[in-house]
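As structure tokens, the structure follows; a few thoughts come after it.
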Amino acid sequence: MNIPDNLYYTKEHEWVLIEGNKGKVGITDYAQSHLGDITYVELPEVGKEVKQFDSLASVESVKAASDIYAPLSGKVLEVNKALEASPESVNKAAYAEGWMALLEIKDESEKDKLMDAGKYKEYLNKLESRD
Amino acid sequence: MADKQSLMENSSNLKTTPLLKEHLKLKAKMVPFAGWNMPLQYEGIVAEHNHTRTQASLFDTCHMGEFYISGDAEACGIESIFTFSLEDMPAGKCRYGAMLNERGGIIDDLLVYRISEDEWMVVVNSGTIDKDAKHVQSQLKGGARFENRSEKLTKLDLQGPLSRDILSELLAPDVKGLKYYTFGYFDILGEKNIISRTGYTGELGYELYVSAGKAVELWNHLLKDERLKPAGLGARDILRLEMGYTLYGQDVDEQTTPLEANLERYVNLNKDFVGKDILLKQKKEGIKRLLVAFQADSRRAPRHGYAIMKDGKKIGEVTSGNFSPSLSCGIGLGYIAAPYTKIGEKILIKGGSAEIEASITDRPCYRKSSLKN
Chain A
6 MNIPDNLYYT
16 KEHEWVLIEG
26 NKGKVGITDY
36 AQSHLGDITY
46 VELPEVGKEV
56 KQFDSLASVE
66 SVKAASDIYA
76 PLSGKVLEVN
86 KALEASPESV
96 NKAAYAEGWM
106 ALLEIKDESE
116 KDKLMDAGKY
126 KEYLNKLESR
136 D
Chain B
-4 MADKQSLMEN
6 SSNLKTTPLL
16 KEHLKLKAKM
26 VPFAGWNMPL
36 QYEGIVAEHN
46 HTRTQASLFD
56 TCHMGEFYIS
66 GDAEACGIES
76 IFTFSLEDMP
86 AGKCRYGAML
96 NERGGIIDDL
106 LVYRISEDEW
116 MVVVNSGTID
126 KDAKHVQSQL
136 KGGARFENRS
146 EKLTKLDLQG
156 PLSRDILSEL
166 LAPDVKGLKY
176 YTFGYFDILG
186 EKNIISRTGY
196 TGELGYELYV
206 SAGKAVELWN
216 HLLKDERLKP
226 AGLGARDILR
236 LEMGYTLYGQ
246 DVDEQTTPLE
256 ANLERYVNLN
266 KDFVGKDILL
276 KQKKEGIKRL
286 LVAFQADSRR
296 APRHGYAIMK
306 DGKKIGEVTS
316 GNFSPSLSCG
326 IGLGYIAAPY
336 TKIGEKILIK
346 GGSAEIEASI
356 TDRPCYRKSS
366 LKN
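Residue numbers (the working numbering), protein chains in the order written: chain A, 6 to 136; chain B, -4 to 368.
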């Protein structure tokens, strides 16, 4: 399972790449593999304000429909429009072409409530041993 | 990410087919289905769907039930059990239909195989085997013999445009002569048993019956052919949905009649059967709701339980829905109030935050299949 070192992670399997006051958001490799073939991504409106862990977007796969939560509070600056035509990018490149939204971060200290790569890896190991 | 709806459940206390170890070797994702631990997918649902539509796939359908009935065709009461007629079926013919309760509700949808003048095989859904066996036995009379062979007999489905080539090259050259909805006895790895030209995918395909002890050997023998790949319940569910085939327990059950379920062509009202009175009454008064297929204007998938709306008013509910890889849009089945069931009628499907514009379509949604090639 691919878990890049430079990202922060939520318990619901979202990632955020923090660069200055901006945060790029997507779902993890574990999430895309668990969901299976992704067939639709509902992106938020640009300008929408979200609180940390509130619903930000939703994805549908041939198995299920799932909510995607905001890893940090902020305002949506940009969304990945390319996913409307090719949602399978989330399966193919969850940390690259599969990104969903770019947020203007309100409060960077909120990242203390997220996991770094090491902690997320431990968290996944626990989940998988439970399965 | 949080699942709103998922096929995942707890997997303890489930029944298993003889192929469980083979599925695990192939790294299948296993899920509970109607009390059985079954493969949801191997490589991936869309890949398996596409492979079935373009080449051929092998499905474990060992969980389904088989009953053998023998007796005098007129005296044993078998005709009154099913909605379709049996008396005009020649030996070697299969027929699809339903058996109903006294209220006209569907106890199960099933296939009957006429083996000879006085012997039939009935193939039923896995989740309904016990109640079906009880019902069939309660209706039989006049020296009829009934045997539930569901544990001893297993079944594999070989489906896809290449299935005839694969089957005739690897197993039984004579299957080439089998016509749609007929069956014959073939030498299946040393065992004489039934192969029928039937299936649940809409493609050219076959169902192969062997004793439980032979299932693993047959599975591995067929999969030696590189054109053939295993496919799971996930692909099977989308394939059947693209054809507008109903799934028992989800689209039809004891609360729905075959008229409401749009299965009237599998009902013969010129013969007597359990539940017929209710169907005649419904026909006279007009049915209030009808199962229809619909296609979304977008990639968004309708899901079981979503509301179907028209001009702000709820007119029905989705029973099955998913994304169709063949059509690249959402598709589904659902019951809609009778006045709104015209082909082409625009509807709005609502569930959670989703609002999906769709229109009612003719069945099947997918029309390019190899079914009758």
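The beta-carbon is built from N, C-alpha and C at its ideal position, and this holds for glycine as well.
Asked, Found
"Chain-ordered chain B contacts of SER63 of chain A [CB-CB under 9 Å]", "LYS(-1), GLY347, SER348 and ALA349"
"Any 3 or more C-beta pairs closer than 8 Å across the region 292 to 310 of chain B and the region 139 to 146 of chain B", "no"
"Within-9 Å CB hit, GLN376 of chain B to chain A", "The structure shown has nothing for residue 376 of chain B, since chain B only spans -4 to 368."
"Three-state secondary structure assigned by DSSP to GLN134 of chain B", "helix"
"Same chain, Cβ closer than 7 Å to ILE310 of chain B, five either side skipped, listed in chain order", "ILE303, MET304, ILE331, ALA332 and TYR335"
"CB contact check: VAL84 of chain A to chain B, cutoff 9 Å", "no"
"Min CB distance PRO320 of chain B to chain A below 9 Å", "yes"
"Whole-Å CB distance - GLY270 of chain B paired with GLU74 of chain B, under 8 Å assumed", "Contact doesn't hold; Cβ gap of about 14 Å is too wide."
"Residues from the region 62 to 81 of chain A in contact with chain B, defined by Cβ distance under 7 Å", "SER63, GLU65, VAL67, LYS68, ALA69, ALA70, SER71, ASP72 and ILE73"
"Partners in chain B for ASP34 of chain A, counting only beta-carbon separations shorter than 9 Å", "None at all; the shortest Cβ gap to chain B is about 12 Å."
"Three or more C-beta pairs below 8 Å linking the region 93 to 112 of chain B and the region 147 to 156 of chain B", "no"
"Closest Cα partner of THR287 of chain B within the set B:TYR301, B:GLU255, B:GLU280 and B:ARG298", "Here the sequence assigns Val to residue 287 of chain B, which means Thr is not the residue at that position. Considering only alpha carbons, the answer is B:GLU255."
"Among B:SER365, B:ASP169 and B:GLU38, the one whose alpha carbon lies nearest that of ASP42 of chain A", "B:GLU38"
"CA-to-CA distance, PRO320 of chain B to SER66 of chain A, given in whole angstroms", "11 Å"
"LEU135 of chain B and GLY72 of chain B closer than 9 Å at C-beta", "yes"
"Own chain partners of ILE273 of chain B with C-beta closer than 7 Å, once the 5 adjacent residues on each side are dropped", "ARG98, GLY99 and THR252"
"Sequence-distant residues of the same chain with beta carbon closer than 7 Å to ILE110 of chain B, five excluded per side", "ALA86 and MET116"
"Check whether GLU237 of chain B and LEU322 of chain B have beta carbons under 9 Å apart", "yes"
"Inter-stretch contact (C-beta, 8 Å, three-pair minimum) for the region 28 to 45 of chain A and the region 93 to 101 of chain A", "yes"
"Presumed contact (8 Å Cβ cut-off) between LYS224 of chain B and HIS46 of chain B, rounded CB distance", "5 Å"
"Beta bridge counterpart(s) of ASN143 of chain B as assigned by DSSP", "B:PHE62"
"Cutoff 9 Å: VAL119 of chain B Cβ touching any chain A Cβ", "no"
"Beta-carbon proximity of LYS283 of chain B to TYR204 of chain B, cut-off 9 Å", "no"
"Against chain A: residues of the region 300 to 317 of chain B by CB proximity under 7 Å", "ASN317"
"Closer than 9 Å to chain A by CB, ILE64 of chain B", "no"
"Cross-chain neighbours of GLY41 of chain A in chain B, by beta carbon under 9 Å", "LYS24, LEU35, GLN36, GLY39, ILE40, VAL41 and GLY229"
"Below-9 Å beta-carbon distance, GLU102 of chain A vs any chain B residue", "no"
"For ARG90 of chain B and VAL107 of chain B, believed in contact at Cβ under 8 Å, the rounded distance", "5 Å"
"VAL262 of chain B in three-state terms, based on DSSP", "coil"
"Candidates B:LYS10, B:LEU213 and B:ARG222, of which the one nearest SER158 of chain B by Cα", "B:ARG222"
"Residue of B:HIS44, B:LEU19 and B:HIS58 minimising C-alpha distance to GLY30 of chain B", "B:HIS58"
"Interface flag, GLY327 of chain B vs chain A, CB-CB below 9 Å", "no"
"C-beta atoms of LEU48 of chain A and ALA70 of chain A nearer than 9 Å", "no"
"Same chain, Cβ closer than 7 Å to GLN0 of chain B, five either side skipped, listed in chain order", "Note that GLN0 of chain B scores a pLDDT of 43, beneath 50, so its modelled location is shaky; the value from the coordinates is reported in the next line. Result list for GLN0 of chain B: ARG298, in chain order."
"Spatially closest choice to LEU165 of chain B from B:PHE178, B:TYR175, B:ILE76 and B:ASP182, by CA coordinates", "B:ASP182"
"Beta-ladder partner(s) of GLY325 of chain B, from DSSP", "B:PHE318"
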